[in-house]
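Read the structure below first, then the notes.
2 protein chains.
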Amino acid sequence: MAYTVVGKSVTRVDAVAKVTGKAKYTDDFSERDMLVGKILHSPYAHAIVKSIDVSKAKALPGVEAVLTYKDLPEIRYATAMPGVIEAIATDEVDVAELKYGTAGHPFSLDESHRDKEDRYILTQKARFVGDNIAAVVATDALIASKALKLIEVEYEVLEALTSTDAALKEGAPLIHDDCEGNILASNGYAIGNIEEALKESDHVIEGEYETSIVQHCHMENQVSHAYVDSDRRIVIMTSTQIPHIVRRIVAQSLGISWGRVRVIKPYVGGGFGNKQDVCIEPLNVAMSLAVGGRPVKLELSREEAMIDTRTRHAFKFKIKTGINNDGKINGIHITAVSNTGAYASHGHSIASSGGGKFRYLYPTKALKFEPITVYTNLPVAGAMRGYGTPQIFFAFESHMEDIAKKLKMDPIEIRKKNLVEVGHVDLLSKNKIMSCSIRECIDKGRELIKWDAKKALYKDQSGDKRRGVGMACFSYASGTYPVALELAGARIVMNQDGSVQLQLGATEIGQGSDTVFAQMVAEVLGIPMYMVHVISTQDTDITPFDTGSYASRQTYVSGMAVEKAALEVKEKVLAFANRMTDIPAHLLDIKDQFVVFKDSGEQVIALEVVAMQSYYDRVNAQPITSDVSNNARINAIPYGVTFAEVEVDIKTGKIKILEIFNVHDSGKIVNPLLAEGQVHGGVSMGIGYALSEQLLFDEKTGKPLNNNLLDYKLPTIMDTPDIGAAFVEKEDPTGPFGVKSLGEPPIVSPAPAIRNAVYDATDVAFNRIPMNPQRVFEKFKETGLI
Amino acid sequence: MAYTVVGKSVTRVDAVAKVTGKAKYTDDFSERDMLVGKILHSPYAHAIVKSIDVSKAKALPGVEAVLTYKDLPEIRYATAMPGVIEAIATDEVDVAELKYGTAGHPFSLDESHRDKEDRYILTQKARFVGDNIAAVVATDALIASKALKLIEVEYEVLEALTSTDAALKEGAPLIHDDCEGNILASNGYAIGNIEEALKESDHVIEGEYETSIVQHCHMENQVSHAYVDSDRRIVIMTSTQIPHIVRRIVAQSLGISWGRVRVIKPYVGGGFGNKQDVCIEPLNVAMSLAVGGRPVKLELSREEAMIDTRTRHAFKFKIKTGINNDGKINGIHITAVSNTGAYASHGHSIASSGGGKFRYLYPTKALKFEPITVYTNLPVAGAMRGYGTPQIFFAFESHMEDIAKKLKMDPIEIRKKNLVEVGHVDLLSKNKIMSCSIRECIDKGRELIKWDAKKALYKDQSGDKRRGVGMACFSYASGTYPVALELAGARIVMNQDGSVQLQLGATEIGQGSDTVFAQMVAEVLGIPMYMVHVISTQDTDITPFDTGSYASRQTYVSGMAVEKAALEVKEKVLAFANRMTDIPAHLLDIKDQFVVFKDSGEQVIALEVVAMQSYYDRVNAQPITSDVSNNARINAIPYGVTFAEVEVDIKTGKIKILEIFNVHDSGKIVNPLLAEGQVHGGVSMGIGYALSEQLLFDEKTGKPLNNNLLDYKLPTIMDTPDIGAAFVEKEDPTGPFGVKSLGEPPIVSPAPAIRNAVYDATDVAFNRIPMNPQRVFEKFKETGLI
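Going down the list, the sequences are from chains A and B. Note that numbering that gives the first Met the number 0 has the first sequence beginning at 0, numbered continuously upward. Note that numbering that gives the first Met the number 0 has the second sequence beginning at 0, numbered continuously upward.
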């Protein structure tokens, strides 16, 4: 379809606010006499607090409260309203022992679909270096820091299980008493009969692949402040992707009614999934409650944020693929060990999600996925851009390359042979592929990088610097359907001049969703962008309900709600115009701020005149608003491919990316410039994932070794090549304006494409990332290349 | 009907916020680097600026801008968006010469129903002492004040017309060029044939009555701040009763689209109608625009607020009443001269409104009302509690007393003979009296004050201290229908625990409307008050549209919207419950947080369970909200009476109120304690109106003589007797829960009741208020009493 605003690279609605510094983030807000909270983290990866003496800390002038796990029951009982606490009691929940889950999932009425509740606000048992043992509230940060040092803790140190191997070892101590063998969960799935499929195949090819722990490194660290308002409700302002879920989890952590919590989200400086978790808010609220509800601010330092929020799960995969001589895959058997760290958080969902989204790329008659998610004494892994898919696609797209090499097939051809077709229905999710341009994406990428010429050119290299090209594909999803609820809300209010305000449940966290939604509204209502005013702040008291920003669901899922709201407004405008003109509404449309005849485009009446009438008609006045909720029960599968060209310095192990292109099938692109920005960000993150990033820990003690931005090797702009972004735009019939998701996809395939390019250049297959110089160098030595 | 929450004296929802000081008023908010604005007021009542030199002021370090009328065109052209300014130009409006009206009326599509546009943001012609000549924006208040003194203005001083008599004199200079004879308007009405009615009457009794200029004296002076946000929109935070109207008027004053203005109203410290006017916001915005949109605060001092906002119109009435021997009135002829001061503001509406609301008390077959509203060189009169009715009822209820005396009839009996009956339809407004308990109110008041005993006791007094009793009745209205639009909006969002947020267009300004609305919602939804969270701040971007708080319209008109919103939520809850239980929704009700069988009250399912389902049902999830607008086209007429007992000190002229009772027919009383508070406030204001308050001006120059709280004699708590409040509660069939208005009514009848009591005590009829000791003493001398 031809659109006026959708598909245009309009300026971000928050551009001016952000470049002028006027956009207000959590840290820009303050409450009068706000206190400061600080956390005492465990120095041990696995230890029991035998005794804790806070008397010296409490005695320090300026210290308002010191909290340990012992104080929580008191806080909870004092917080619960009469009636509420009894309700909890009858539900046989011991408020004193209340545990909660932190994962930013929508919640489920089905108890078996809820997240594991294994977290305390403050713990008596440290499960990783950094675990929250005690907290201080003081008049300023310096006093709070001093007070932390005055807390005397005696620990009983236990064996630190710093790897999944150690945790799975028979007789290993249990990190959580109720988890046998330290296994959080192990449910997977099977399609067809994998044993038979492998047996029937001409070849069975095996491979092992491993990814490392990385961290989101969003610009803005976790920060929040909390207080009790004069209505006895808890108010939290926080840098989050999921205000409505923060509300629920804070309430659950205290055992109070959810309606008694109010969460406000100002501008957010990035999240990448780490703010799809409720890391600091329950403790922040407990801090406030400990000082009678006075406002307390809790801000993590970078060092804290890197270990005490969430990380990306490290995975170990074993893959066995049955394939015929013609390159057609019969069956795939994957086992995966996922390291979730000390607490569940998103836990096994990550493995499940990777295993689920992976299925949409190469459907096979047999597929067995056997993941286990294992507790270790390392920082907690959670949601991070891609949510399990960068791991599984690193493994499988490396594996595909290995198969191609083994079978001496063209890596593109073997993929094309196995790629999904439109109309395919996934057996488990029942999601149907309604659009798929992965083949066109591959062709486009192949051309952009001059694949065939370079393939020919880079054959049989020697010397210190060798070049190669590689590619890797991925499939993803648009939101979580049918795994979780996909509820989104939008509210539109039309002003007297025909301009509108747009309120969203979905959160702008830097990705540009506010702009994309405004474009959708402008498109439907026939008004220019400057007439759409997006309320970017979410406030659970008034913002339409939306589960939040994650799972690349905004443009697709929340977009449906936005389109629905805009269509409802349009319908009301046309109904008013009909009352004013007697022209049947179905003959009318809105264009350039005028109600027009749909067919001829002839102007009937100015939108402003209709809007004025909606406010001031003495009989029919009814200001035009819409307040909609949309429960999406559909999913659209986006696809894409990375093509990378690398130059490997054999002597130093340094890998340089010469060219890299991501080509995406994300349906219609609402804002090409923003879309390109998403791709740039995702690919850059993928480059770090492939080549340099890894959170390191002392193997014996579990102590973090590089939880800072100096030692953690996030690629800088100097390390990043020009990134090419291209799109094959075919409208998906299910998405609003034909969109499919694009938020997370760009991170999924760069790592395997780079790995495959390195393989192409050097004939050395790296099955573990990051391929940092040290590891590359060692591997080259091992393989005899140097 | 029996209610659970409605009719109970529940605690104000803002009680804790206000007594703890946590409630935030406009002055409690700040923007970074906020500048301060100050106004240069004219020292002359009538003068033309011949020249103005701001160079010295501009040169003062810390001064960011100095504005005069010359700067306004530039500001306006710079502000208008491309497209908008052209639209204005084609409408043949000269932006440079743009005038606007300030009255807080809803706006009308009918041009002839709009307010007179006679105001400039800054003027070249001063029309009262205090008129806005120039403005300064500086980094702090001290510098701004200094800069004001550096502005050099040369005036051509014109004759100051400080009374309506002077303004109406032939040949008087014109205050506004386009107003012949300085008359703003003179339209009145006539019912029947007054000449015939008077001719047919046994007696024709005449009287003249006069009221003075008084001021609202709300605790919080006018204060606002304004800036341009990064979306190029104007944001104003202001202490107002009418945020949506401020939006319109600011836009009109600048000639820009209304949607480009956003108005936020925090807690407000009283308004009494003075904040139903847009006094400072356009200038505040101009100040910000003069400094490139940076935030500027404008706060009036008490001295400024008392002359440069609004006052109550002074009136002079001549009344001629034709009455028969049996006490039945045949016809009334009223002429009224209303002094609107230098600008129109609410202007003639005040006279019209008084003449309109007055009609509902004593319907007669002939009634002629001839008001004229006259410009003078005094501060601008506008809306003030009662809106013209305290004036006309002072006149007419004094007049009724005079008639009773003349005819030697009992003052109560003569009134009862003429009082309206249920079923009466007003010939002009077509409003039908659906409930009326004025007779019961009179009986109750008579009993409370022990009227008959005192009447007997106080006959034939002599001596220095004489006592008397008096009474006076009134009628009012609930909102403005059919004069103006009565649109109100409410939005309710139900949380997962069944608690709700309530968003209102109607503004809490201290009167307690938030509490009353919360009670209505709690009543309909069967939940306790603590589960209703009222969003007390209005923000035109997101708040449902409501014209504002004035005309005693909240409980009745906005209450309709609130009830409608709550009923819609209830309907949705029961529909969900039906889906969950298959019990027909029409058999169900909500009570004590449970969905119950309507008839038996038997519990079916907890509200919380339904609410949870509304959020998390995988198929039917649809969070329960309502966002309604209600266009009330009906009115309910409240009635009431004041009974007062006074002791007059003949030698000093001091009048002491011994007892005073207001008895109200306001339909169902939602919150008796709040209602009593309204009555206490209104009666106290009425006592000041009767006995002590008057803004004084030098007759020759028009200079204010007592525009401060020391010299302006507002009654203190020491001057105020115990005030008795009583209600005759009969539910009006049109109001939500049977309510009628109560906000303004208590101010209407105290003054004439006190006047009549003084008459009873002294046999001296005061036909002019205030009856302050000086005036009483003079009158006693004049009548030979001393």
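Using N, Cα and C, we set each Cβ at its ideal position, and we do this for glycine too.
DSSP three-state assignment for residue i, whether helix, strand or coil
i	result
A/ARG118	strand
A/ASN192	coil
B/VAL775	helix
B/PHE736	helix
A/PRO622	coil
B/VAL18	helix
B/ASP747	Looking at the sequence provided, one finds Val at residue 747 of chain B rather than Asp. Looking at B/VAL747 - three-state DSSP - the assignment turns out to be coil, as it is neither helix nor strand.
A/THR782	helix
B/ALA184	strand
Min CB distance residue i to chain A below 9 Å
i	result
B/GLN221	no
B/PRO637	no
B/ARG247	yes
B/ALA16	yes
B/SER107	yes
B/THR25	no
Nearest residue (CA-CA) to residue i, options the options
i	options	result
A/GLY723	A/VAL678, A/VAL379 and A/ASP401	A/VAL678
B/MET236	B/ILE255, B/TYR614 and B/LYS264	B/LYS264
B/VAL662	B/LYS319, B/LEU447 and B/ALA452	B/LEU447
A/MET579	A/ASN619, A/TYR555 and A/SER599	A/ASN619
A/ALA134	A/MET286, A/CYS216, A/ILE190 and A/ALA165	A/MET286
A/VAL568	A/PRO583, A/SER498 and A/SER535	A/SER498
B/TYR475	B/ASP114, B/GLY652, B/ILE746 and B/ASP710	B/ILE746
B/ASP710	B/SER54, B/VAL213 and B/GLU110	B/VAL213
A/THR651	A/LYS712, A/GLU777 and A/VAL53	A/GLU777
B/LYS327	B/GLN221, B/GLY291 and B/LYS364	B/LYS364
Chain-ordered neighbours of residue i on chain B, where CB pairs are closer than 7 Å
i	result
A/ASP496	SER256, TRP257 and GLY258
Chain A contact residues for residue i, given Cβ-Cβ distances below 7 Å
i	result
B/MET286	Near B/MET286 there are no residues of chain A at all, since even the closest Cβ is about 19 Å away, more than 7 Å.
Short CB-CB distance (under 9 Å) between residue i and chain B
i	result
A/GLN612	yes
A/ALA77	no
A/ASN630	yes
A/GLN502	yes
A/ILE84	The predicted model places A/ILE84 with a pLDDT of 48, which falls under 50 and marks its position as unreliable, so this point remains unresolved.
A/ALA22	yes
A/ARG617	yes
A/ALA88	Unreliable placement is indicated for A/ALA88, whose pLDDT of 46 sits below 50; no coordinate value is reported for it.
Range of the contiguous alpha helix (DSSP H) that encloses residue i
i	result
A/GLU675	671-690
A/PHE393	388-406
Residues that residue i contacts on chain B, provided the C-beta gap is smaller than 8 Å
i	result
A/ARG232	HIS532
A/GLY488	PRO622
Closer than 9 Å at the beta carbon, the chain A residues around residue i
i	result
B/PHE393	Within 9 Å Cβ-Cβ: nothing; B/PHE393 doesn't reach chain A, min ~33 Å.
Limits of the unbroken beta strand (DSSP E) element including residue i
i	result
A/VAL786	Nothing in the structure corresponds to residue 786 of chain A, since chain A is present only between 0 and 785.
A/ASN661	653-664
B/ASN131	131-137
B/ASN338	328-340
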